[in-house]
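Chains as they are written, first to last, in this note's numbering: chain A, -8 to 187; chain B, 5 to 369. For glycine and all other residues, C-beta sits at the position ideal for the given N, C-alpha and C. Here the structure is a predicted model, which means the values were calculated and not measured.
Right, here's the structure in full:
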């Protein structure tokens, strides 16, 4: 049993163990969709939404179906299926209610299916032996942490438009450097909370 | 063994449960029910099951909005004014819709999905556009890559158009369905039972390959006529035509139509080609020039002559010939059809000669 209090799990998943800057999960869409704040907020909320619900559903399936039946060896395939179904649902939802966001995200909306941060959250929830309350806050926290990361990056990149970046570092180069620097600043939170 | 069976049963059970949930979501999220499309402030109303694009819905009800890319949002032809129910402007439309157009609600019909009752405004001329069925009556190879296709109308039997207008030919898409491509009508307007096209074989082009494989007797489907070219009715105004390649098509139509309607009207045709093997229609223009002293036809070759080539006409890019043969003046109209660099160069010359921008019509391709 993991005894970390839920508020520590929540804050820890946002800051000290930010899923993007500490574990480097979900980098691909983070790099591509962070050119504008509006797109970043759209993708960030979609990822948070998917992460929050899939960790809860996966927790329930894992704890109450797979573990009692001794079937935890099929957990990956089940987790992936739940995530895929959820993203499919999300795609229909976004297309219906926000066509602008639907076109802005383009291929990266269905690609949330294989966003490793989302499967990562479900797996950390299993490895760290969270109970239901912790899982709820962990899923929400990890999603918000990813949201925070991509929003920060998008804010910086919009500002970067006014900066004189050395030619050799334009586009990808400077983005990688920025991601590294932000990751280092997040290291400053290390030790403030333990999520294990 | 039991655990394997159990694993399969549980996995399948969860998959089925997920699929059922998605089916339910699909039923409530993707199905929009029946929507009403109101055309030109309610002069035409029709019902359409929701979920399709506006372009497809209009086609279903025989309103033939032009579209060259077949609904991919890459040509920007299918502009209609959406007055209500169109939803927000999408990023895919931004490159094609100017700020002024945005304010009056102009959208690309292929990008607007019918999700609710929708009110749109289209030009009245567009409602005159019909779908035609025609038979290939003759094919002529004009150059190594340009063919002249003569179509005889079957249904409807007659077409009424302005010189310089174009049709949208339907061609089968290898990926299934149909695509539509725009081709100018090169036959004069008085031949109203025929439509002639001049089509260059574009490397990798789906529609031009289809056209070049047509044989006599084949049936084709097209919609039309479309286009903003309008030749002035004032016979005192000179007509200047400049073209390259298969940009000849609309110009040939204008030449023959103008010569029959206003014999003696001043008309200059400039045609730019690379080498002698790109030249076509020159002989028929020479015949026409013999009867019409006010018609002047200038062909120019831009490539240096090969040793075996015979050529007594102009050389150099076509805008040089335009500059040479056109005196300054503004009492004229110009129609330009050809590649963008050629049109830009000719535009500069025409403006230097004193022409106003609204008297210059052009089609870049």
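Reference residue i; option with closest CA among the options
| i | options | result |
| --- | --- | --- |
| residue 73 of chain A | A:113, A:39 and A:148 | A:113 |
| residue 145 of chain A | A:183, A:118 and A:31 | A:31 |
| residue 117 of chain A | A:5, A:76 and A:57 | A:57 |
| residue 274 of chain B | B:283, B:268, B:266 and B:267 | B:283 |
| residue 120 of chain B | B:114, B:146, B:90 and B:97 | B:90 |
| residue 135 of chain B | B:123, B:229, B:152 and B:103 | B:229 |
| residue 203 of chain B | B:101, B:294, B:194 and B:214 | B:214 |
| residue 82 of chain B | B:88, B:71, B:287 and B:92 | B:71 |
| residue 268 of chain B | B:239, B:189, B:86 and B:366 | B:239 |
| residue 261 of chain B | B:165, B:32, B:62 and B:158 | B:165 |
| residue 248 of chain B | B:270, B:194 and B:303 | B:303 |
| residue 194 of chain B | B:163, B:26, B:29 and B:250 | B:163 |
| residue 250 of chain B | B:190, B:42, B:15 and B:86 | B:190 |
| residue 205 of chain B | B:252, B:67 and B:148 | B:148 |
| residue 86 of chain A | A:63, A:151 and A:33 | A:33 |
| residue 143 of chain A | A:161, A:156, A:171 and A:120 | A:171 |
| residue 371 of chain B | B:20, B:122 and B:311 | For chain B, the structure presents residues 5 to 369; residue 371 of chain B sits outside this window and is missing. |
| residue 19 of chain A | A:75, A:179 and A:166 | A:166 |
| residue 301 of chain B | B:344, B:58, B:311 and B:255 | B:255 |
| residue 80 of chain B | B:102, B:67, B:92 and B:219 | B:102 |
| residue 226 of chain B | B:42, B:53, B:233 and B:66 | B:66 |
| residue 232 of chain B | B:37, B:171 and B:290 | B:171 |
| residue 109 of chain A | A:48, A:-6, A:182 and A:62 | A:48 |
| residue 279 of chain B | B:287, B:63 and B:321 | B:321 |
| residue 112 of chain B | B:142, B:140, B:87 and B:141 | B:87 |
| residue 158 of chain B | B:314, B:222, B:312 and B:211 | B:222 |
Close beta carbons around residue i, own chain, < 7 Å, minus the five adjacent residues each side
| i | result |
| --- | --- |
| residue 12 of chain A | 140, 173, 174 and 177 |
| residue 391 of chain B | Residue 391 of chain B is absent from the structure shown; chain B starts at 5 and stops at 369. |
| residue 241 of chain B | 335, 336 and 337 |
| residue 111 of chain A | 10, 14 and 16 |
| residue 135 of chain A | 5 and 39 |
| residue 85 of chain B | 108, 109, 110, 124 and 125 |
Short CB-CB distance (under 8 Å) between residue i and chain B
| i | result |
| --- | --- |
| residue 60 of chain A | yes |
| residue 56 of chain A | yes |
CB contact check: residue i to chain A, cutoff 8 Å
| i | result |
| --- | --- |
| residue 11 of chain B | yes |
| residue 45 of chain B | no |
| residue 325 of chain B | no |
| residue 7 of chain B | yes |
Neighbourhood of residue i by C-beta, 8 Å cutoff - its chain only, sequence neighbours within 5 removed
| i | result |
| --- | --- |
| residue 182 of chain B | 74, 174, 175 and 176 |
| residue 161 of chain B | 197 |
| residue 76 of chain B | 114 |
| residue 55 of chain B | 34, 35, 36, 117, 118 and 119 |
| residue 178 of chain B | 210 |
Buried versus exposed call for residue i [16 or more other C-beta atoms within 10 Å across all chains shown]
| i | result |
| --- | --- |
| residue 10 of chain A | buried |
| residue 123 of chain A | exposed |
| residue 24 of chain A | buried |
| residue 185 of chain B | buried |
| residue 297 of chain B | exposed |
| residue 128 of chain B | exposed |
| residue 118 of chain B | buried |
| residue 80 of chain A | buried |
| residue 137 of chain A | buried |
| residue 192 of chain B | buried |
| residue 27 of chain B | exposed |
| residue 6 of chain B | exposed |
Cβ shell of residue i (< 6 Å), same chain only, five flanking positions each side left out
| i | result |
| --- | --- |
| residue 357 of chain B | 330 and 332 |
| residue 169 of chain A | 147 |
| residue -3 of chain A | 124, 125 and 128 |
| residue 323 of chain B | 349, 350 and 353 |
| residue 344 of chain B | 368 |
| residue 146 of chain B | 152 and 284 |
| field | Residues of the segment 74 to 107 of chain B with Cβ closer than 7 Å to any Cβ of chain A, in chain order | value | Correct list: 91, 92, 94, 95 and 96.
| Between the segment 13 to 39 of chain B and chain A, which residues of the former have CB atoms less than 8 Å from a CB of the latter, in chain order? | Within the segment 13 to 39 of chain B, the residues whose Cβ lies closer than 8 Å to some Cβ of chain A are 14, 15, 18, 19, 22, 23, 25, 26, 29, 30, 33 and 34, listed in chain order.
| field | Within 8 Å of chain B by C-beta, residues of the segment 87 to 101 of chain A in sequence order | value | Cβ contacts with chain B come from 87, 90, 91, 94 and 95.
| message | For the segment 64 to 84 of chain A, list every residue whose C-beta sits within 9 Å of some C-beta in chain B, in sequence order. | response | Those residues of the segment 64 to 84 of chain A that come within reach of chain B (Cβ to Cβ, closer than 9 Å) are 64, 65, 68, 69, 72, 73, 75, 76, 77, 79, 80, 83 and 84.
| Within 8 Å of chain B by C-beta, residues of the segment 28 to 53 of chain A in sequence order | Within the segment 28 to 53 of chain A, the residues whose Cβ lies closer than 8 Å to some Cβ of chain B are 52, listed in chain order.
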